[in-house]
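Residue numbers (my numbering), protein chains in the order written: chain A, 50 to 96; chain B, 228 to 452; chain C, 1167 to 1390.
Data first, discussion second: the structure below is written as structure tokens.
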Amino acid sequence: MKNLDSVLAAYLAGWAIFFAYYISVARRTAALRKEVERLKQSLTRGK
Amino acid sequence: MLKTIVTCVLLFVLIALTAYIAFHYAPIERTMGIIQKIFYLHLPAAFTSFVALGVCFFANLMYVFKREAKWDWLGVSAAEVGLAFISVVLVTGPIWAHPVWGIWWTWDARLTLTFVLWLLYVAYLMLRSMLEEPEKRALLSALFGIFAFLDVPLVYFSIRWWRTQHPQPVILGGAGSGLDPRMRIAYLLVWAVFLALMVLLLKARYTLESARADVDELRREAEAV
Amino acid sequence: MSLLSNTAVLLGKELRTEFRSRELLTTTAVFILIVMVLFSWTFGPTTEEARRFSPGLLWLAFFFAASLMLQPCFLREQNNDTLSALRLSASDTFAILLGKVAANTIFLLLSELLLLPIFAVLYNVPIQPVLPEMLLVLFLGSLGIAVSGTALAAISSQARMRELMLPILLFPLLVPVLVASTEVTRSLFDPNPLVKWKGIGFLAIFDLVFLTALWLFGEYLLEE
Chain A
50 MKNLDSVLAA YLAGWAIFFA YYISVARRTA ALRKEVERLK QSLTRGK
Chain B
228 MLKTIVTCVL LFVLIALTAY IAFHYAPIER TMGIIQKIFY LHLPAAFTSF
278 VALGVCFFAN LMYVFKREAK WDWLGVSAAE VGLAFISVVL VTGPIWAHPV
328 WGIWWTWDAR LTLTFVLWLL YVAYLMLRSM LEEPEKRALL SALFGIFAFL
378 DVPLVYFSIR WWRTQHPQPV ILGGAGSGLD PRMRIAYLLV WAVFLALMVL
428 LLKARYTLES ARADVDELRR EAEAV
Chain C
1167 MSLLSNTAVL LGKELRTEFR SRELLTTTAV FILIVMVLFS WTFGPTTEEA
1217 RRFSPGLLWL AFFFAASLML QPCFLREQNN DTLSALRLSA SDTFAILLGK
1267 VAANTIFLLL SELLLLPIFA VLYNVPIQPV LPEMLLVLFL GSLGIAVSGT
1317 ALAAISSQAR MRELMLPILL FPLLVPVLVA STEVTRSLFD PNPLVKWKGI
1367 GFLAIFDLVF LTALWLFGEY LLEE
């Protein structure tokens, strides 16, 4: 079918943007959550 | 970790749903053929980005008047998510245009507006990265966000009156006039799915921002000890 | 009226400060000249091409000049720590901003008027028959640049990389002014009354919208 590869390219590109964004947000959140745990622990130890 | 996996599965389900609506439910367009299917991604993404930017504007106003951090978190989340949707619009547009018009880009009113919108919100995010103090960052970026939003109708009219190519390339195949009802429903359904996707991404980004605030607060506590 | 007299006093201060050294005016004017000349070398020297491109190049030159000229607007206050004194002296923060907007508009206009005859000569455009309308569009466009530029300078002066952040924030925002001013200017050389008056009206609306926004949100811009 003519232009099918353009259609696929568009859909892949579009969804890749959403996925890439979500994954970047999720990874940064996980890193921050670990940091929160680390800081909480060091504070309770300090006290 | 589990939450991330569940969300990714949810994302896949949403993709499958839009693909089903676009390819199976909606009929094939007569003149353009299958390439028209790109619009089931392109148009709902555009409308969803407007919703996200409206949320951003609302959050900016609320922050300026209430000064509660949560509005700042909502503002930056809405701006980033909006930017993601605009990026989808700007990427899918040229991929459609090249086989159909033979050109990647044209300075048509809608494309130009989308591009300027993209630039404005990139500027908003860049401003935030250049402001360290959390309250200053929240206030000043909220003010810029408000000015940017007020600018949008002015950008639209100036481009529509003086920078639009004639003849106007017809995108929807005569939207509203003789548009197959299943196509209209398909657009609306995909838009509903995209709105759900937008809420999902907003929640994730908002959580990130509040985690960042937690870290900052804990760090300050740790230094005080 | 308290607002007008406050603004007038503050405008006087801005003008006096600048006219002591005149460094802002002279450097802005020279910068516009250099950009104008440089642009003229980017396309072929035919009169027809010059007529087509010159309005856009003129306004682009003004935009670049403004993005540099607006930098000291709040930096002078920051360096000398005078902003809090200003806020105490004026009962209305809008007067402070309005004074700066008026001053910036005047500085821009003066630089533009200095360069106008040179522009007419370099690009072979007939300015004299359309001088009143030319002055009108220069005023409305410069006011638009000054209003949004002053507001955004207040924002960017508090950020890192402020010299680059101001144009990044300002230029996308000023797209309507660029398009409208260029079209009106072009319609003066290639007469088209419909474009001319529509554009002039549009510029007036832009100025009004942002002046109102400045009035509504100005006090937050100057918050410490």
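Where a beta carbon is used, it is the ideal one built from N, C-alpha and C, also for glycine.
For residue i, report the span of its alpha helix (DSSP H) as first-last.
i	result
His325 of chain B	296–328
Asn287 of chain B	266–293
Gln1244 of chain C	1238–1246
Arg1188 of chain C	From DSSP, Arg1188 of chain C is part of no alpha helix (DSSP H); its letter is neither H nor E.
Glu86 of chain A	53–95
Phe250 of chain B	It is not in any alpha helix (DSSP H) - Phe250 of chain B carries neither H nor E in the DSSP assignment.
Gly260 of chain B	No alpha helix (DSSP H) contains Gly260 of chain B, which DSSP labels as neither H nor E.
Val236 of chain B	229–246
Phe421 of chain B	408–451
Arg1253 of chain C	1249–1255
Val1291 of chain C	No alpha helix (DSSP H) contains Val1291 of chain C, which DSSP labels as neither H nor E.
Leu344 of chain B	336–356
Leu367 of chain B	361–389
Thr1351 of chain C	1341–1355
Trp1225 of chain C	1213–1235
Phe1209 of chain C	Premise fails: Phe1209 of chain C is in no alpha helix (DSSP H) and is neither H nor E.
Leu1360 of chain C	1359–1387
Identify the contact partners of residue i in chain C, using a Cβ-Cβ distance below 9 angstroms as the criterion.
i	result
Lys293 of chain B	Ordered by position in chain C, no residue passes the 9 angstroms Cβ test against Lys293 of chain B, which lies about 12 angstroms from the chain.
Val386 of chain B	The sequence as given places Ile at residue 386 of chain B; Val does not occur at that position. Those are Val1341, Pro1342, Val1345, listed as they occur along chain C.
For residue i, which residues in chain B fall below 9 angstroms Cβ to Cβ?
i	result
Met1331 of chain C	Ala350, Met353, Leu354, Met357
Thr93 of chain A	Neighbours of Thr93 of chain A on chain B: none; closest Cβ ~11 angstroms, over 9 angstroms.
Met1202 of chain C	The contacting residues do not exist; Met1202 of chain C stays about 23 angstroms from chain B at best.
Can you confirm whether residue i, when its beta carbon is compared against all beta carbons of chain A, has any partner nearer than 9 angstroms?
i	result
Ile248 of chain B	no
Trp328 of chain B	no
His269 of chain B	yes
Please confirm if residue i has its CB atom under 9 angstroms from at least one CB of chain C.
i	result
Arg390 of chain B	yes
Leu428 of chain B	no
Asp378 of chain B	yes
Val382 of chain B	yes
Phe374 of chain B	yes
Leu347 of chain B	yes
Leu370 of chain B	yes
Leu338 of chain B	no
Identify, in the order they occur along the chain, each residue of the same chain with its Cβ nearer than 7 angstroms to the Cβ of residue i, setting aside the five sequence neighbours on each side.
i	result
Val1313 of chain C	Val1267, Asp1373, Phe1376, Leu1377, Leu1380
Leu270 of chain B	Tyr414
Glu436 of chain B	Trp300, Val303, Ser304
Ala1232 of chain C	Leu1274, Ile1311, Gly1315
By the criterion of Cβ-Cβ separation under 7 angstroms, what are the contact partners of residue i in chain A?
i	result
Ser314 of chain B	Ile66
Ile265 of chain B	Val56, Ala59
Glu450 of chain B	Those do not exist, as Glu450 of chain B stays about 11 angstroms from chain A at its closest Cβ, beyond 7 angstroms.
Asp441 of chain B	Val85
Give me, in chain order, the residues of the same chain whose beta-carbon lies closer than 6 angstroms to that of residue i; leave out the 5 immediate sequence neighbours on both sides.
i	result
Leu1388 of chain C	Thr1259
Ser1353 of chain C	Val1361, Lys1362
Val315 of chain B	Ala272
Arg294 of chain B	none
Trp298 of chain B	Ala286, Met289, Tyr290
Run through chain A and tell me which residues come within less than 9 angstroms of residue i, C-beta to C-beta.
i	result
Ile262 of chain B	Lys51, Asn52, Leu53, Ser55, Val56, Ala59
Within the same chain, show all residues whose beta-carbon is closer than 8 angstroms to that of residue i, passing over the 5 residues directly before and after it, in chain order.
i	result
Glu1278 of chain C	Ile1198, Phe1228, Leu1304, Ser1308
Lys1179 of chain C	Gly1265
Ile1293 of chain C	Leu1282, Pro1283, Phe1285, Ala1286, Met1300
Compare the C-beta of residue i against all C-beta atoms of chain B and say whether one is closer than 9 angstroms.
i	result
Ile1334 of chain C	yes
Gln1112 of chain C	No statement about residue 1112 of chain C is possible, as the shown extent of chain C runs from 1167 to 1390 and does not include it.
Val1303 of chain C	no
Ile1311 of chain C	no
Tyr1289 of chain C	no
At a CB-CB cut-off below 8 angstroms, which residues of chain A make contact with residue i?
i	result
Leu424 of chain B	Phe67
Arg432 of chain B	Val74
Ile458 of chain B	Absent from the model: residue 458 of chain B. The displayed extent of chain B is 228 to 452, so no value can be given.
Which bits of chain B does residue i rub up against, with CB to CB less than 8 angstroms?
i	result
Arg82 of chain A	Ala438
Ile1321 of chain C	Leu354, Leu367, Leu370, Phe371
If the cut is a Cβ gap below 7 angstroms, which residues of chain B does residue i touch?
i	result
Glu1372 of chain C	Correcting the residue identity first, residue 1372 of chain C is Phe in this sequence and not Glu. Chain B residues near Phe1372 of chain C: Leu381.
Lys1362 of chain C	None at all; the shortest Cβ gap to chain B is about 12 angstroms.
At a CB-CB cut-off below 7 angstroms, which residues of chain C make contact with residue i?
i	result
Val282 of chain B	Here the premise fails: no neighbours, minimum Cβ distance about 19 angstroms.
Val343 of chain B	Pro1338, Val1341
Indicate whether at least one CB of chain E lies closer than 9 angstroms to the CB of residue i.
i	result
Lys363 of chain B	Protein chains A, B and C are contained in the structure displayed, whereas chain E is not.
Residue i versus chain C: which residues are under 8 angstroms apart at the beta carbon?
i	result
Leu366 of chain B	Tyr1386, Glu1389
Under 8 angstroms: do the stretch 242–254 of chain B and the stretch 304–319 of chain B share three or more Cβ pairs, one atom per stretch? no
With three or more beta-carbon pairs closer than 8 angstroms as the criterion, would you say the stretch 349–364 of chain B touches the stretch 1294–1314 of chain C? no
Mind the definition here: the stretch 1270–1287 of chain C touches the stretch 1187–1202 of chain C only if three or more C-beta pairs lie below 8 angstroms; say whether that holds. yes
When the Cβ atoms of the stretch 357–376 of chain B are set against those of the stretch 320–337 of chain B, are three or more pairs found closer than 8 angstroms? no
Would you be able to state if there are at least three C-beta pairs under 8 angstroms between the stretch 277–291 of chain B and the stretch 252–269 of chain B? no
Below 8 angstroms, how does it come out for the stretch 1235–1253 of chain C and the stretch 1321–1336 of chain C: are there three or more Cβ pairs, yes or no? yes
Below 8 angstroms, how does it come out for the stretch 250–259 of chain B and the stretch 230–242 of chain B: are there three or more Cβ pairs, yes or no? no
Decide yes or no for the touch test of the stretch 280–289 of chain B against the stretch 66–76 of chain A: beta carbon pairs closer than 8 angstroms, at least 3 of them. no
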